[in-house]
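Peer 1:
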Amino acid sequence: MSKYVIVFHYPAGYTAFIGNGSYVHRGEKYAVLVENYQEAKRYKTKGSARAAVNRLMQSCSNASQDFRIEEVDQDDLQCF
Numbered sequence: 294m295s296k297y298v299i300v301f302h303y304p305a306g307y308t309a310f311i312g313n314g315s316y317v318h319r320g321e322k323y324a325v326l327v328e329n330y331q332e333a334k335r336y337k338t339k340g341s342a343r344a345a346v347n348r349l350m351q352s353c354s355n356a357s358q359d360f361r362i363e364e365v366d367q368d369d370l371q372c373f
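Sequential numbering of the sequence shown, starting at 294, is according to the working numbering.
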């Protein structure tokens with residue numbers, strides 16, 4: 294069964310996946326970013342991932358305008 298992850302691309306080639314949750318630092322809200330897709334938050338549908346991106350763009354200071362929603366196989370996301 295496939296799931297979807299959100300990948301943000303930043304300048305200088307830095308890529309990060311959306312993790313679980315957010316935090317506030319000095320009054321600004323930030324999304325938790327992870328570098329490993331196995332730790333990335335998984336969405337059941339592409340539509341729910343798209344809705345999450347829209348919410349992140351409006352509320353989180355570290356959301357990038359350059360993003361991609363990737364389909365991944367659930368079997369590849371097992372935590373060890």
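Note that CB positions come from ideal geometry on N, CA and C, so glycine has one too.
On a Cα-Cα basis, can you pick out the residue from Tyr316, Asp366, Glu364, Asp359 that is closest to Ala305?
Peer 2: Considering only alpha carbons, the answer is Asp359.
Peer 1: Just checking my contact of Arg314 with Val327 at CB under 8 Å: how many whole Å lie between their CB atoms?
Peer 2: As written in the sequence, residue 314 is Gly, which differs from the Arg given in the question. No, Gly314 and Val327 are not in contact; Cβ-Cβ is about 11 Å, not under 8 Å.
Peer 1: Cα separation between Tyr330 and Tyr307?
Peer 2: For Tyr330 and Tyr307, the distance between alpha carbons rounds to 14 Å.
Peer 1: With a threshold of 8 Å on Cβ separation, who are the neighbours of Ala356 within its own chain once the five nearest residues in sequence on each side are excluded?
Peer 2: Closer than 8 Å at the Cβ level, and outside the excluded window around Ala356, lie Phe301, Ala324, Val346, Leu349, Met350.
Peer 1: Could you check the C-alpha separation between Ser295 and Asp366 for me, to the nearest Å?
Peer 2: Between Ser295 and Asp366, the C-alpha separation is close to 5 Å.
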